[in-house]
Amino acid sequence: MNWKTVVKTLGKILIMEAAMMLIPLIVAAIYGESTNLGFVIPIAILLVLSVPSFIIKAEGVETNIYAKEGFAIVAFSWLAMSLVGAIPFVLTKAIPNYVDALFETISGFTTTGASILSDVESLPRSVLFWRSFTNWIGGMGVLVFILAVLPKSSSGAMHVFRAEATGPSVGKLTSKMGRTARILYGIYIALTLIEFAFLALGKMPIFDAITTAIANAGTGGFSVRNASIASYNSLYVEIVVSVFMFLFSLNFNLYFLLLTGHVLKALKSEEAISYFALVALSMITIAFNVLLSTETAITSFSEALRYSSFQVLSLSSTTGFSSIDYNSWPTLSKTILLFLMMTGGMAGSTAGGIKMSRLLILGKSTATDIRKMVHPREIITVKLEGEPIGEGVINSVRVYFITWVAILITCSLLISIEGYGGFLTNFSASVSCVSNIGPGFDLVGPTANFSGYSAFSKIILSIEMLFGRLEIFPLIVLFSPSTYRK
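Now the structure itself:
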(Lines of atoms letter the chains of each structure in order from A and count residues from 1; the text may use other names and numbers.)
(Lines give C-alpha, C1' and ligand atoms only; values in the text may rest on other atoms or scores of the structure.)
Protein backbone atom coordinates (compact mmCIF):
# COMPACT_ATOMS: atom_id res chain seq x y z
CA MET A 1 0.00 0.00 0.00
CA ASN A 2 1.39 3.39 -1.01
CA TRP A 3 0.41 5.16 2.22
CA LYS A 4 2.03 8.51 1.39
CA THR A 5 -0.10 8.98 -1.72
CA VAL A 6 -3.21 7.85 0.18
CA VAL A 7 -2.56 10.33 3.02
CA LYS A 8 -1.79 13.22 0.64
CA THR A 9 -4.98 12.59 -1.35
CA LEU A 10 -7.05 12.16 1.82
CA GLY A 11 -5.76 15.53 3.03
CA LYS A 12 -7.07 17.24 -0.11
CA ILE A 13 -10.48 15.64 0.45
CA LEU A 14 -10.63 16.83 4.08
CA ILE A 15 -9.78 20.38 2.95
CA MET A 16 -12.54 20.10 0.35
CA GLU A 17 -15.06 19.16 3.06
CA ALA A 18 -13.86 22.06 5.21
CA ALA A 19 -14.45 24.42 2.27
CA MET A 20 -17.94 22.99 1.77
CA MET A 21 -18.78 23.66 5.44
CA LEU A 22 -18.24 27.36 4.83
CA ILE A 23 -21.52 27.49 2.88
CA PRO A 24 -23.71 26.60 5.92
CA LEU A 25 -21.84 29.36 7.78
CA ILE A 26 -22.99 31.82 5.12
CA VAL A 27 -26.55 30.49 5.48
CA ALA A 28 -26.34 30.99 9.26
CA ALA A 29 -25.20 34.59 8.71
CA ILE A 30 -28.06 35.27 6.25
CA TYR A 31 -30.71 34.01 8.69
CA GLY A 32 -28.99 35.42 11.81
CA GLU A 33 -28.52 32.03 13.47
CA SER A 34 -26.09 31.37 16.31
CA THR A 35 -24.81 28.07 14.91
CA ASN A 36 -21.35 29.29 13.86
CA LEU A 37 -19.34 27.18 16.34
CA GLY A 38 -21.19 24.10 15.12
CA PHE A 39 -19.37 24.50 11.79
CA VAL A 40 -16.20 26.40 12.78
CA ILE A 41 -15.01 23.63 15.13
CA PRO A 42 -15.38 20.78 12.58
CA ILE A 43 -13.69 22.98 9.96
CA ALA A 44 -10.76 23.40 12.35
CA ILE A 45 -10.69 19.63 12.98
CA LEU A 46 -10.62 18.94 9.24
CA LEU A 47 -7.76 21.38 8.72
CA VAL A 48 -5.75 19.82 11.56
CA LEU A 49 -6.36 16.30 10.18
CA SER A 50 -5.12 17.46 6.78
CA VAL A 51 -1.75 18.66 8.18
CA PRO A 52 0.07 15.29 7.61
CA SER A 53 -0.65 15.58 3.90
CA PHE A 54 1.40 18.80 3.83
CA ILE A 55 4.23 17.41 5.98
CA ILE A 56 4.84 14.59 3.51
CA LYS A 57 7.27 15.91 0.93
CA ALA A 58 6.37 15.54 -2.74
CA GLU A 59 9.93 14.42 -3.57
CA GLY A 60 10.36 10.69 -3.38
CA VAL A 61 6.62 10.00 -3.20
CA GLU A 62 5.33 7.59 -5.80
CA THR A 63 2.41 9.35 -7.44
CA ASN A 64 0.89 6.35 -9.18
CA ILE A 65 -2.38 5.17 -7.69
CA TYR A 66 -3.13 1.51 -8.28
CA ALA A 67 -6.35 -0.43 -7.70
CA LYS A 68 -5.92 -1.02 -3.96
CA GLU A 69 -4.89 2.60 -3.36
CA GLY A 70 -7.97 3.72 -5.29
CA PHE A 71 -10.25 1.55 -3.15
CA ALA A 72 -8.52 2.65 0.06
CA ILE A 73 -8.70 6.37 -0.79
CA VAL A 74 -12.42 6.11 -1.54
CA ALA A 75 -13.28 4.05 1.57
CA PHE A 76 -11.17 6.13 4.00
CA SER A 77 -12.45 9.38 2.48
CA TRP A 78 -16.10 8.52 2.90
CA LEU A 79 -15.54 7.29 6.47
CA ALA A 80 -13.56 10.40 7.46
CA MET A 81 -16.05 12.77 5.84
CA SER A 82 -18.95 11.09 7.64
CA LEU A 83 -17.25 11.00 11.05
CA VAL A 84 -16.43 14.73 10.95
CA GLY A 85 -19.56 15.70 9.01
CA ALA A 86 -21.71 14.49 11.91
CA ILE A 87 -20.15 16.96 14.38
CA PRO A 88 -22.23 20.02 13.31
CA PHE A 89 -25.44 18.15 14.19
CA VAL A 90 -24.11 17.42 17.69
CA LEU A 91 -22.62 20.86 18.43
CA THR A 92 -25.75 22.70 17.28
CA LYS A 93 -27.82 20.25 19.38
CA ALA A 94 -29.95 19.46 16.35
CA ILE A 95 -29.06 15.80 17.00
CA PRO A 96 -27.34 15.61 20.42
CA ASN A 97 -26.55 11.88 20.21
CA TYR A 98 -23.43 11.24 18.10
CA VAL A 99 -24.56 7.81 16.83
CA ASP A 100 -27.82 9.37 15.63
CA ALA A 101 -25.90 12.26 14.05
CA LEU A 102 -23.52 9.81 12.34
CA PHE A 103 -26.49 7.84 10.99
CA GLU A 104 -28.02 11.04 9.60
CA THR A 105 -24.71 12.14 8.08
CA ILE A 106 -23.90 8.81 6.45
CA SER A 107 -27.48 8.72 5.18
CA GLY A 108 -26.86 12.15 3.64
CA PHE A 109 -23.47 11.49 2.04
CA THR A 110 -24.59 8.10 0.69
CA THR A 111 -27.75 9.80 -0.67
CA THR A 112 -29.92 7.35 1.25
CA GLY A 113 -32.22 9.86 2.91
CA ALA A 114 -33.13 7.65 5.86
CA SER A 115 -33.63 9.86 8.90
CA ILE A 116 -33.99 9.64 12.66
CA LEU A 117 -35.62 13.10 12.83
CA SER A 118 -39.35 13.49 13.36
CA ASP A 119 -39.50 17.30 13.25
CA VAL A 120 -37.03 18.71 10.72
CA GLU A 121 -38.89 22.02 10.50
CA SER A 122 -37.72 22.94 14.01
CA LEU A 123 -34.02 22.80 13.03
CA PRO A 124 -31.93 25.89 12.16
CA ARG A 125 -31.75 26.73 8.45
CA SER A 126 -27.95 26.31 8.40
CA VAL A 127 -28.26 22.76 9.76
CA LEU A 128 -31.05 21.93 7.31
CA PHE A 129 -28.90 23.24 4.46
CA TRP A 130 -25.90 21.13 5.55
CA ARG A 131 -28.20 18.11 5.83
CA SER A 132 -29.47 18.54 2.25
CA PHE A 133 -26.04 19.58 0.97
CA THR A 134 -24.61 16.21 2.04
CA ASN A 135 -27.02 14.65 -0.48
CA TRP A 136 -25.61 16.84 -3.24
CA ILE A 137 -21.98 16.20 -2.26
CA GLY A 138 -22.49 12.44 -2.18
CA GLY A 139 -24.55 12.30 -5.36
CA MET A 140 -21.75 12.65 -7.88
CA GLY A 141 -19.05 11.94 -5.32
CA VAL A 142 -16.41 14.25 -3.87
CA LEU A 143 -13.64 12.03 -5.25
CA VAL A 144 -14.81 12.71 -8.79
CA PHE A 145 -14.71 16.41 -7.95
CA ILE A 146 -11.05 16.37 -6.93
CA LEU A 147 -9.79 14.14 -9.75
CA ALA A 148 -8.47 17.21 -11.51
CA VAL A 149 -6.07 17.87 -8.60
CA LEU A 150 -4.83 14.30 -8.21
CA PRO A 151 -1.24 13.46 -9.16
CA LYS A 152 -0.89 13.43 -12.94
CA SER A 153 -1.47 9.75 -13.52
CA SER A 154 -4.34 8.81 -15.77
CA SER A 155 -4.31 5.22 -14.53
CA GLY A 156 -4.41 6.39 -10.91
CA ALA A 157 -7.30 8.74 -11.55
CA MET A 158 -9.15 5.95 -13.31
CA HIS A 159 -8.76 3.62 -10.31
CA VAL A 160 -10.28 6.24 -8.00
CA PHE A 161 -13.07 6.94 -10.49
CA ARG A 162 -13.91 3.24 -10.78
CA ALA A 163 -13.92 2.81 -7.01
CA GLU A 164 -16.46 5.60 -6.48
CA ALA A 165 -18.56 5.57 -9.67
CA THR A 166 -21.61 3.34 -10.02
CA GLY A 167 -22.25 0.50 -12.45
CA PRO A 168 -20.69 -2.78 -13.62
CA SER A 169 -18.06 -1.07 -15.80
CA VAL A 170 -16.76 2.47 -15.87
CA GLY A 171 -15.12 4.34 -18.72
CA LYS A 172 -13.91 7.84 -19.50
CA LEU A 173 -15.98 10.25 -21.58
CA THR A 174 -12.79 11.80 -22.96
CA SER A 175 -9.14 10.82 -23.09
CA LYS A 176 -8.39 12.92 -20.01
CA MET A 177 -9.80 11.81 -16.65
CA GLY A 178 -9.78 15.35 -15.28
CA ARG A 179 -11.82 16.61 -18.24
CA THR A 180 -14.27 13.73 -17.79
CA ALA A 181 -14.78 14.76 -14.15
CA ARG A 182 -15.35 18.39 -15.14
CA ILE A 183 -17.91 17.40 -17.78
CA LEU A 184 -19.80 15.20 -15.31
CA TYR A 185 -19.88 17.92 -12.66
CA GLY A 186 -20.81 20.53 -15.25
CA ILE A 187 -23.89 18.49 -16.22
CA TYR A 188 -24.65 17.83 -12.55
CA ILE A 189 -24.50 21.52 -11.59
CA ALA A 190 -26.47 22.61 -14.67
CA LEU A 191 -29.34 20.20 -13.96
CA THR A 192 -29.40 21.27 -10.30
CA LEU A 193 -29.66 24.96 -11.25
CA ILE A 194 -32.37 24.27 -13.84
CA GLU A 195 -34.46 22.40 -11.27
CA PHE A 196 -34.00 25.21 -8.74
CA ALA A 197 -35.22 27.71 -11.34
CA PHE A 198 -38.34 25.67 -12.12
CA LEU A 199 -39.17 25.21 -8.42
CA ALA A 200 -38.68 28.91 -7.75
CA LEU A 201 -40.98 29.73 -10.67
CA GLY A 202 -43.60 27.53 -8.99
CA LYS A 203 -43.54 29.94 -6.02
CA MET A 204 -41.76 27.50 -3.74
CA PRO A 205 -39.85 29.42 -1.02
CA ILE A 206 -36.27 30.10 -2.19
CA PHE A 207 -34.67 28.17 0.67
CA ASP A 208 -36.98 25.20 0.04
CA ALA A 209 -36.27 25.36 -3.70
CA ILE A 210 -32.50 25.30 -3.13
CA THR A 211 -32.54 22.43 -0.63
CA THR A 212 -35.05 20.42 -2.65
CA ALA A 213 -32.99 20.83 -5.83
CA ILE A 214 -29.69 19.77 -4.24
CA ALA A 215 -31.32 16.85 -2.41
CA ASN A 216 -33.04 15.75 -5.62
CA ALA A 217 -29.83 16.08 -7.65
CA GLY A 218 -28.09 13.57 -5.40
CA THR A 219 -31.25 11.41 -5.39
CA GLY A 220 -31.01 11.68 -1.60
CA GLY A 221 -34.46 12.93 -0.71
CA PHE A 222 -33.70 14.92 2.46
CA SER A 223 -36.57 17.40 2.70
CA VAL A 224 -36.84 20.48 4.89
CA ARG A 225 -40.52 19.68 5.48
CA ASN A 226 -41.89 17.03 7.82
CA ALA A 227 -44.34 15.77 5.19
CA SER A 228 -41.73 15.91 2.41
CA ILE A 229 -43.10 16.99 -1.01
CA ALA A 230 -46.67 16.31 0.14
CA SER A 231 -46.47 19.40 2.39
CA TYR A 232 -46.55 21.71 -0.66
CA ASN A 233 -49.78 20.15 -1.99
CA SER A 234 -48.82 21.30 -5.48
CA LEU A 235 -49.19 19.29 -8.66
CA TYR A 236 -46.68 21.61 -10.35
CA VAL A 237 -44.00 20.92 -7.70
CA GLU A 238 -44.66 17.18 -7.92
CA ILE A 239 -44.28 17.23 -11.72
CA VAL A 240 -41.01 19.21 -11.58
CA VAL A 241 -39.54 16.99 -8.86
CA SER A 242 -40.72 13.85 -10.69
CA VAL A 243 -39.11 14.91 -13.98
CA PHE A 244 -35.78 15.64 -12.32
CA MET A 245 -35.86 12.45 -10.23
CA PHE A 246 -36.06 10.63 -13.55
CA LEU A 247 -33.36 12.77 -15.18
CA PHE A 248 -30.90 12.22 -12.32
CA SER A 249 -31.52 8.46 -12.41
CA LEU A 250 -30.32 8.31 -16.04
CA ASN A 251 -26.75 7.51 -17.04
CA PHE A 252 -24.87 10.82 -17.35
CA ASN A 253 -23.12 9.42 -20.42
CA LEU A 254 -26.44 9.90 -22.25
CA TYR A 255 -26.27 13.66 -21.61
CA PHE A 256 -22.72 13.71 -22.92
CA LEU A 257 -23.89 11.94 -26.09
CA LEU A 258 -26.72 14.46 -26.51
CA LEU A 259 -24.36 17.41 -25.99
CA THR A 260 -21.92 16.05 -28.57
CA GLY A 261 -24.64 15.47 -31.19
CA HIS A 262 -24.97 11.68 -30.86
CA VAL A 263 -28.73 11.92 -30.29
CA LEU A 264 -29.65 8.67 -32.07
CA LYS A 265 -27.10 6.68 -30.09
CA ALA A 266 -28.48 8.09 -26.83
CA LEU A 267 -32.08 7.30 -27.81
CA LYS A 268 -31.13 3.74 -28.75
CA SER A 269 -29.57 3.02 -25.36
CA GLU A 270 -30.70 -0.46 -24.37
CA GLU A 271 -30.41 0.29 -20.65
CA ALA A 272 -32.40 3.54 -20.99
CA ILE A 273 -35.19 1.87 -22.99
CA SER A 274 -35.42 -0.98 -20.46
CA TYR A 275 -35.45 1.42 -17.51
CA PHE A 276 -38.11 3.63 -19.11
CA ALA A 277 -40.27 0.58 -19.91
CA LEU A 278 -40.00 -0.72 -16.34
CA VAL A 279 -40.91 2.66 -14.86
CA ALA A 280 -43.85 3.24 -17.25
CA LEU A 281 -45.27 -0.26 -16.71
CA SER A 282 -44.97 0.11 -12.93
CA MET A 283 -46.75 3.48 -12.98
CA ILE A 284 -49.73 2.18 -14.95
CA THR A 285 -50.02 -1.09 -13.02
CA ILE A 286 -49.95 0.63 -9.63
CA ALA A 287 -52.37 3.32 -10.79
CA PHE A 288 -54.99 0.71 -11.77
CA ASN A 289 -54.29 -1.39 -8.66
CA VAL A 290 -54.71 1.60 -6.34
CA LEU A 291 -57.82 2.84 -8.17
CA LEU A 292 -59.56 -0.54 -8.02
CA SER A 293 -58.61 -1.16 -4.38
CA THR A 294 -61.07 -0.52 -1.56
CA GLU A 295 -58.14 0.20 0.81
CA THR A 296 -57.51 3.70 -0.60
CA ALA A 297 -59.62 6.85 -0.98
CA ILE A 298 -58.45 7.53 -4.54
CA THR A 299 -61.47 7.79 -6.86
CA SER A 300 -60.11 8.87 -10.28
CA PHE A 301 -57.49 7.43 -12.61
CA SER A 302 -55.78 10.81 -13.00
CA GLU A 303 -55.34 11.05 -9.23
CA ALA A 304 -54.12 7.46 -9.05
CA LEU A 305 -51.63 8.08 -11.87
CA ARG A 306 -50.43 11.27 -10.17
CA TYR A 307 -49.45 9.49 -6.96
CA SER A 308 -48.25 6.25 -8.57
CA SER A 309 -46.01 8.17 -10.99
CA PHE A 310 -44.39 10.19 -8.22
CA GLN A 311 -43.74 7.22 -5.94
CA VAL A 312 -42.52 4.97 -8.75
CA LEU A 313 -40.02 7.63 -9.86
CA SER A 314 -39.08 8.39 -6.26
CA LEU A 315 -38.25 4.79 -5.37
CA SER A 316 -36.86 3.65 -8.74
CA SER A 317 -34.50 6.65 -8.72
CA THR A 318 -33.82 5.90 -5.02
CA THR A 319 -34.55 9.55 -4.15
CA GLY A 320 -37.07 8.77 -1.43
CA PHE A 321 -39.29 11.87 -1.58
CA SER A 322 -42.93 11.13 -0.77
CA SER A 323 -46.20 12.70 -1.86
CA ILE A 324 -48.49 10.21 -0.12
CA ASP A 325 -48.33 7.45 2.51
CA TYR A 326 -48.07 4.36 0.28
CA ASN A 327 -48.22 2.09 3.34
CA SER A 328 -51.98 2.02 2.85
CA TRP A 329 -51.72 0.82 -0.76
CA PRO A 330 -52.66 -2.76 -1.76
CA THR A 331 -50.12 -5.60 -1.58
CA LEU A 332 -49.41 -5.71 -5.33
CA SER A 333 -48.49 -2.02 -5.41
CA LYS A 334 -46.20 -2.31 -2.40
CA THR A 335 -44.54 -5.40 -3.87
CA ILE A 336 -43.80 -3.54 -7.12
CA LEU A 337 -42.38 -0.61 -5.14
CA LEU A 338 -40.18 -2.98 -3.12
CA PHE A 339 -38.86 -4.50 -6.36
CA LEU A 340 -38.12 -1.02 -7.74
CA MET A 341 -36.24 -0.20 -4.55
CA MET A 342 -33.91 -3.09 -5.29
CA THR A 343 -33.41 -2.43 -9.02
CA GLY A 344 -32.65 1.29 -8.64
CA GLY A 345 -31.73 3.52 -11.58
CA MET A 346 -29.16 3.34 -14.36
CA ALA A 347 -25.42 2.88 -14.03
CA GLY A 348 -23.48 6.12 -14.16
CA SER A 349 -26.30 8.06 -12.47
CA THR A 350 -26.66 9.40 -8.93
CA ALA A 351 -29.25 6.70 -8.18
CA GLY A 352 -28.63 3.67 -5.98
CA GLY A 353 -29.83 0.08 -6.19
CA ILE A 354 -28.46 -2.83 -8.19
CA LYS A 355 -28.71 -0.82 -11.45
CA MET A 356 -30.56 -1.69 -14.65
CA SER A 357 -27.40 -2.55 -16.60
CA ARG A 358 -26.45 -5.23 -14.06
CA LEU A 359 -29.92 -6.77 -14.28
CA LEU A 360 -29.69 -6.83 -18.08
CA ILE A 361 -26.27 -8.51 -17.92
CA LEU A 362 -27.53 -11.02 -15.36
CA GLY A 363 -30.60 -11.84 -17.46
CA LYS A 364 -28.71 -12.14 -20.73
CA SER A 365 -25.83 -14.19 -19.30
CA THR A 366 -28.28 -16.54 -17.55
CA ALA A 367 -30.26 -17.03 -20.77
CA THR A 368 -26.98 -17.71 -22.61
CA ASP A 369 -25.91 -20.31 -20.03
CA ILE A 370 -29.26 -22.08 -20.30
CA ARG A 371 -29.00 -22.12 -24.10
CA LYS A 372 -25.47 -23.54 -23.90
CA MET A 373 -26.82 -26.43 -21.85
CA VAL A 374 -29.00 -27.38 -24.81
CA HIS A 375 -26.43 -26.45 -27.49
CA PRO A 376 -23.01 -26.93 -25.80
CA ARG A 377 -21.02 -26.35 -29.02
CA GLU A 378 -22.76 -23.11 -29.95
CA ILE A 379 -20.71 -19.94 -29.50
CA ILE A 380 -22.88 -17.19 -28.02
CA THR A 381 -21.67 -13.71 -27.07
CA VAL A 382 -23.46 -11.66 -24.46
CA LYS A 383 -23.95 -8.10 -25.70
CA LEU A 384 -25.12 -4.86 -24.11
CA GLU A 385 -25.59 -1.65 -26.09
CA GLY A 386 -24.39 -3.59 -29.15
CA GLU A 387 -20.99 -4.29 -27.56
CA PRO A 388 -19.79 -7.71 -26.38
CA ILE A 389 -19.55 -8.13 -22.62
CA GLY A 390 -16.39 -9.87 -21.42
CA GLU A 391 -16.45 -12.82 -19.03
CA GLY A 392 -14.67 -10.66 -16.45
CA VAL A 393 -17.53 -8.15 -16.36
CA ILE A 394 -20.16 -10.92 -16.26
CA ASN A 395 -18.39 -12.63 -13.37
CA SER A 396 -17.99 -9.35 -11.46
CA VAL A 397 -21.72 -8.62 -11.90
CA ARG A 398 -22.60 -12.06 -10.54
CA VAL A 399 -20.22 -11.65 -7.60
CA TYR A 400 -21.67 -8.21 -6.90
CA PHE A 401 -25.25 -9.51 -6.99
CA ILE A 402 -24.52 -12.46 -4.70
CA THR A 403 -22.62 -10.24 -2.25
CA TRP A 404 -25.38 -7.61 -2.38
CA VAL A 405 -28.03 -10.21 -1.49
CA ALA A 406 -25.80 -11.63 1.28
CA ILE A 407 -25.38 -8.16 2.82
CA LEU A 408 -29.12 -7.53 2.57
CA ILE A 409 -30.01 -10.78 4.33
CA THR A 410 -27.27 -10.50 6.97
CA CYS A 411 -28.18 -6.94 7.94
CA SER A 412 -31.90 -7.81 7.99
CA LEU A 413 -31.14 -10.56 10.49
CA LEU A 414 -28.85 -8.38 12.61
CA ILE A 415 -31.34 -5.54 13.02
CA SER A 416 -34.08 -8.09 13.78
CA ILE A 417 -32.25 -9.20 16.94
CA GLU A 418 -33.60 -6.31 19.03
CA GLY A 419 -37.18 -7.22 18.09
CA TYR A 420 -38.19 -3.79 16.80
CA GLY A 421 -40.99 -3.93 14.23
CA GLY A 422 -41.95 -6.91 12.10
CA PHE A 423 -40.44 -8.63 9.08
CA LEU A 424 -41.62 -6.00 6.60
CA THR A 425 -40.19 -3.17 8.71
CA ASN A 426 -36.75 -4.72 9.09
CA PHE A 427 -36.45 -6.17 5.59
CA SER A 428 -37.56 -2.94 3.91
CA ALA A 429 -35.23 -0.94 6.19
CA SER A 430 -32.34 -3.13 5.06
CA VAL A 431 -33.36 -2.83 1.39
CA SER A 432 -33.73 0.92 1.81
CA CYS A 433 -30.22 1.32 3.24
CA VAL A 434 -28.34 -1.00 0.88
CA SER A 435 -30.16 0.57 -2.09
CA ASN A 436 -29.70 4.11 -0.69
CA ILE A 437 -33.40 5.01 -0.82
CA GLY A 438 -34.59 6.31 2.57
CA PRO A 439 -38.16 5.31 3.36
CA GLY A 440 -39.22 1.69 3.58
CA PHE A 441 -42.52 0.18 4.71
CA ASP A 442 -44.48 -0.15 7.93
CA LEU A 443 -42.59 1.47 10.87
CA VAL A 444 -39.97 2.97 8.51
CA GLY A 445 -42.50 4.12 5.90
CA PRO A 446 -42.74 7.59 4.30
CA THR A 447 -44.47 9.14 7.33
CA ALA A 448 -42.19 7.45 9.90
CA ASN A 449 -38.42 7.36 10.55
CA PHE A 450 -35.57 5.17 11.83
CA SER A 451 -35.40 6.64 15.36
CA GLY A 452 -36.98 3.52 16.90
CA TYR A 453 -33.89 1.39 16.21
CA SER A 454 -31.17 0.89 18.82
CA ALA A 455 -27.63 2.29 18.45
CA PHE A 456 -26.44 -1.16 17.37
CA SER A 457 -29.00 -1.37 14.55
CA LYS A 458 -28.28 2.20 13.43
CA ILE A 459 -24.57 1.36 13.11
CA ILE A 460 -25.40 -1.78 11.11
CA LEU A 461 -27.69 0.21 8.81
CA SER A 462 -25.05 2.96 8.47
CA ILE A 463 -22.46 0.40 7.35
CA GLU A 464 -25.03 -1.01 4.95
CA MET A 465 -25.58 2.46 3.47
CA LEU A 466 -21.84 2.77 2.83
CA PHE A 467 -21.78 -0.67 1.23
CA GLY A 468 -24.62 0.41 -1.07
CA ARG A 469 -23.18 3.78 -2.11
CA LEU A 470 -19.61 2.55 -2.62
CA GLU A 471 -20.95 -0.59 -4.33
CA ILE A 472 -19.50 -3.03 -1.78
CA PHE A 473 -15.92 -3.65 -2.90
CA PRO A 474 -14.04 -0.58 -1.53
CA LEU A 475 -15.18 -1.41 2.01
CA ILE A 476 -14.43 -5.12 1.62
CA VAL A 477 -10.93 -4.29 0.39
CA LEU A 478 -10.24 -2.46 3.65
CA PHE A 479 -10.58 -5.74 5.57
CA SER A 480 -8.22 -7.66 3.28
CA PRO A 481 -4.66 -8.09 4.74
CA SER A 482 -3.15 -7.98 1.22
CA THR A 483 -4.39 -4.41 0.84
CA TYR A 484 -1.84 -3.16 3.37
CA ARG A 485 1.19 -4.94 1.93
CA LYS A 486 3.57 -3.13 -0.43
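Quick note: the sequence shown uses my numbering, first residue 41, plus one each step.
Built from N, CA and C at the ideal position, the CB exists for glycine as well.
Since the model is a prediction, treat every value here as computed from it, not as a measurement.
Is the beta carbon of residue i less than 8 Å from the beta carbon of residue j?
i    : j    : result
I401 : I429 : yes
G242 : V280 : yes
K52  : S93  : yes
K498 : F143 : yes
G384 : T358 : yes
E235 : F284 : yes
G178 : G110 : no
S405 : I434 : yes
I269 : S362 : yes
V352 : M386 : no
L537 : T252 : Residue 537 lies beyond the range of the chain shown here (41 to 526); nothing can be said about it.
I63  : S491 : no
G392 : R509 : yes
Y295 : I227 : yes
W176 : I254 : yes
L89  : F79  : no
L377 : Y366 : yes
Could you name the residues of the same chain whose beta carbon sits closer than 7 Å to that of residue i, not counting the 5 residues immediately before and after it, in chain order?
i    : result
S314 : M396 and L400
P521 : none
F507 : I447, V474 and L515
L287 : L231
T336 : V330, S368 and W369
D248 : V264
N489 : S155, I156, L157 and S158
A237 : none
G462 : D482
List the DSSP bridge partners of residue i.
i    : result
P428 : K423
Can you give me the C-alpha to C-alpha distance between residue i and residue j, rounded to a whole angstrom?
i    : j    : result
V124 : T339 : 49 Å
R297 : I246 : Note that residue 297 corresponds to Leu in the displayed sequence, not to Arg. So the two alpha carbons sit approximately 32 Å from each other.
V437 : R165 : 42 Å
G478 : G261 : 7 Å
A115 : K48  : 15 Å
T300 : E311 : 20 Å
V517 : W118 : 14 Å
I364 : Y347 : 7 Å
A327 : S282 : 16 Å
T408 : L77  : 60 Å
I503 : F350 : 29 Å
S494 : A141 : 13 Å
E511 : L454 : 20 Å
E458 : E343 : 40 Å
L131 : S158 : 19 Å
S468 : S452 : 9 Å
V167 : N256 : 18 Å
V83  : V277 : It should be pointed out that residue 83 corresponds to Ile in this sequence rather than to Val. Each residue's alpha carbon lies about 35 Å from the other.
E418 : P486 : 50 Å
M121 : I135 : 17 Å
L345 : A320 : 11 Å
N42  : T375 : 47 Å
F519 : T325 : 44 Å
S289 : I394 : 12 Å
According to the neighbour-count rule (16 or more other Cβ atoms, all chains shown, within 10 Å of its Cβ), is residue i buried or exposed?
i    : result
T371 : exposed
Y71  : exposed
A59  : exposed
M413 : exposed
G426 : exposed
T465 : buried
T390 : buried
N137 : exposed
N273 : exposed
L275 : exposed
G112 : The question names Gly, but residue 112 is Ala in the sequence shown. By the 10 Å Cβ count, A112 comes out buried.
A306 : buried
V484 : buried
T75  : buried
T45  : buried
A68  : buried
R411 : exposed
V91  : exposed
Looking only at its own chain, which residues have a Cβ that is under 8 Å from the Cβ of residue i, when we skip the five neighbours before and after it?
i    : result
M505 : I146, S147, T150, T152, A154, C473, V474 and N476
L318 : S356, L380, T383 and M396
E161 : V264, R265 and N266
L86  : L54, I55, E57, A58, M61 and V124
Apart from the five residues on each side of it in sequence, which residues of its chain come closer than 6 Å, Cβ to Cβ, to residue i?
i    : result
Y440 : none
T443 : I512
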